[in-house]
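Visitor:
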Amino acid sequence: MMSHIESSQQTHKFQVGQCVRIVRSTDLREAMKREQFRVLKLLPQNPLGEPSYRVKSDHEQFERLVGEQEIAPI
0 MMSHIESSQQ THKFQVGQCV RIVRSTDLRE AMKREQFRVL KLLPQNPLGE
50 PSYRVKSDHE QFERLVGEQE IAPI
């Protein structure tokens, strides 16, 4: 039997601690395209069935919630 953690890791393309960049967002500024974000947490799939993540940049005081299609590896 597969645990929740194991199934979550199999469905997510990115892992906690991995550096990514945001490639699509409703709040996409030019500077944000060059910003590096670190994956903080793997989250359940969003209503569209897409794995979600909590990410944070060193230059921002807040965390962002993003879907897998919104980020790319660095």
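Letter 16 of the sequence shown, counting from 1, is numbered 15 in numbering that gives the first Met the number 0, and no numbers are missing. Idealized CB from N, CA, C, for every residue including glycine.
1. Let me make sure I understand the geometry here. Which of Pro72, Met31, Phe13 has the alpha-carbon closest to that of aspartate 57?
2. How many angstroms separate the CA atom of leucine 41 from the CA atom of glutamine 60?
3. Take valine 22 and list the residues in its own chain whose beta-carbon comes closer than 6 Å to its own, dropping the five residues that flank it on each side.
4. What is the DSSP secondary structure of lysine 69, counted as helix, strand or coil?
5. Distance check for proline 50 and histidine 11, CA to CA, integer angstroms please.
Guide: On the basis of the coordinates in this document:
1. The count along the sequence shown starts at 1 and reaches residue 57 at position 58. If we check each option's Cα against that of aspartate 57, Met31 comes out closest.
2. Numbered from its first residue, the sequence shown carries residue 41 at position 42. Numbered from its first residue, the sequence shown carries residue 60 at position 61. Straight-line Cα distance between these residues: approximately 19 Å.
3. As a working note, residue 22 is residue 23 in the sequence shown. For valine 22, where only same-chain residues beyond five positions count, the Cβ hits under 6 Å are Ala71.
4. As a first step, residue 69 must be located in the sequence shown, where it is residue number 70. Sequence inspection shows glutamate at residue 69; the lysine mentioned does not correspond to that position. In the structure shown, glutamate 69 sits in a helix (DSSP, three-state: H, G or I).
5. Here residue 11 is taken as the residue at index 12 of the sequence shown, counted from 1. Here residue 50 is taken as the residue at index 51 of the sequence shown, counted from 1. Rounded to the nearest angstrom, the gap between the Cα atoms of histidine 11 and proline 50 is 6 Å.
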